[in-house]
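Visitor:
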Amino acid sequence: MILAKNYLGKLNSTQIFDLAKFVVDENFSHHADNNLPEEYVNDIKSICNEEAKYYNDSEIYVSKNDLGSISGAIRVLKWNYIDELPIQKIFGINPLLALKSPKINDIYHIGRFAISKNTTDKNLFKKLMVLAITPICKEEGNIAFAECDSKLLRILNLLGIKTHVIGDSIEYLGSETIPVAMTSEGLMNFYNKYKYLVSEEVITPNNEETYTLPKSVVFNGSNQSYPLV
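If you count the sequence shown from 1, you need to add 9 to reach our numbering.
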């Protein structure tokens, strides 16, 4: 059971394995009734390697409970135009050709979005989305790409986030996944409506890890035990 109190902050670079395992476990918990595939370990390794490569150009936000277990996560990456984005790797889509926009400024990728089914924070979904889209909403012409589970895509649209489907869906990490693009203009209504949920201290911290957890319950590294998520 996820404890009632959750702490929102940026993930330390030493805890990328924690993120990868949480995301994979959560996907299969939601979409495959915890029936883990043969490639389960390889999926975790693949995400670890990918996020380690992206880390210097990205922000990873997670929610943790009092025991240090992750209950929600999301990552926003500012593309350096060099590294291969997931949307290129998985769907073969060129971000520079996906949208015919008169003005494209910076390009971002949103990924690793997962929330535990046991979390008690009813606003965690909105908080994580606000954190991810904050840099995108700062300037006109910014664009974000993402690979969305079909259920997640319906929720985003219901919440007022405007998405553009840019390719056919595939089966990925246990669910139907759809490539989408989002413009800063299409995200602004959601951002303005829910940005009050996230404090400025979380968005612009003074150091890499910003949790207000007591030292006695902060875990580092990948040797801790993990709950199913």
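Note that CB positions come from ideal geometry on N, CA and C, so glycine has one too.
1. Going by DSSP in three states, glutamate 60 sits in which element: helix, strand or coil?
2. Can you have a look at serine 240 and say buried or exposed, based on whether 16 or more other CB atoms are within 10 angstroms of its CB?
3. Check leucine 28 in the structure and name its three-state DSSP category.
4. Tell me the DSSP secondary structure of asparagine 74 in three-state form.
5. Glutamate 148 to asparagine 114, Cα distance in whole Å?
6. Report back the beta-carbon spacing between leucine 28 and isoleucine 69 to the nearest angstrom; my notes put them in contact at under 8 angstroms.
7. I'd like the list of long-range same chain contacts for tyrosine 63, defined as Cβ closer than 6 angstroms, with 5 residues on each side in sequence excluded.
8. Identify the continuous beta strand (DSSP E) that holds asparagine 15 and give its terminal residues.
9. Could you give the residue range of the beta strand (DSSP E) that holds glutamate 156?
10. From Phe199, Asn198 and Leu133, pick the residue whose C-alpha is nearest to that of tyrosine 16; which is it?
11. Look at the alpha carbon of aspartate 66 and the alpha carbon of glutamate 48, and state the distance between them as a whole number of angstroms.
12. What does the alpha-carbon distance come out to for the pair glycine 18 and valine 71?
13. For the candidate residues Ser193, Cys157 and Asp177, whose alpha-carbon lies nearest to that of lysine 112?
14. If I follow the unbroken alpha helix (DSSP H) through glycine 120, where does it start and stop?
15. Quick check on serine 159: buried or exposed, where buried means 16 or more other Cβ atoms within 10 Å of its Cβ?
Guide: The answer reads as follows:
1. As a first step, residue 60 is located in the sequence shown; it is residue number 51 there, counting from the start. Assignment of glutamate 60 by DSSP, reduced to helix, strand and coil, places it in the helix class.
2. Since the first and last residues shown for the chain are 10 and 238, residue 240 lies out of range.
3. As a working mapping, residue 28 is identified with position 19 in the sequence shown. In the structure shown, leucine 28 adopts helical secondary structure according to DSSP, grouped into three states.
4. Locating residue 74 in the sequence shown gives position 65, where the first residue counts as 1. Asparagine 74 falls in the strand class under three-state DSSP.
5. Along the sequence shown, one-based indexing puts residue 148 at 139. Along the sequence shown, one-based indexing puts residue 114 at 105. Distance between the alpha carbons of glutamate 148 and asparagine 114: 8 angstroms.
6. As a first step, residue 28 must be located in the sequence shown, where it is residue number 19. As a first step, residue 69 must be located in the sequence shown, where it is residue number 60. 6 angstroms between Cβ atoms; contact.
7. Walking along the sequence shown from the start, residue 63 turns up at place 54. Cβ within range, chain order: Leu86.
8. By 1-based counting over the sequence shown, the position of residue 15 is 6. It spans 15-19 - the beta strand (DSSP E) in which asparagine 15 sits, taken as one unbroken run.
9. On the sequence shown, residue 156 is found 147 positions in, with the first residue counted as 1. For glutamate 156, the enclosing beta strand (DSSP E) covers residues 152-158.
10. Position 7 of the sequence shown, counting from 1, holds the residue named residue 16. The option with the nearest alpha carbon to tyrosine 16 is Leu133.
11. What you label residue 66 is simply residue 57 of the sequence shown in a count that begins at 1. What you label residue 48 is simply residue 39 of the sequence shown in a count that begins at 1. If I take the Cα positions, the gap works out to 28 angstroms.
12. In the sequence shown, counting from the first residue as 1, residue 18 sits at position 9. In the sequence shown, counting from the first residue as 1, residue 71 sits at position 62. Answer to the nearest angstrom: the Cα atoms are 6 angstroms apart.
13. Taking the first residue of the sequence shown as 1, we reach residue 112 at position 103. When each option's Cα is compared against that of lysine 112, the closest is Ser193.
14. To locate residue 120, count along the sequence shown from 1; it is residue 111. No alpha helix (DSSP H) holds glycine 120; the beta strand (DSSP E) holding it covers 116-124.
15. Translated into the one-based positions of the sequence shown, residue 159 becomes position 150. So serine 159 counts as exposed.
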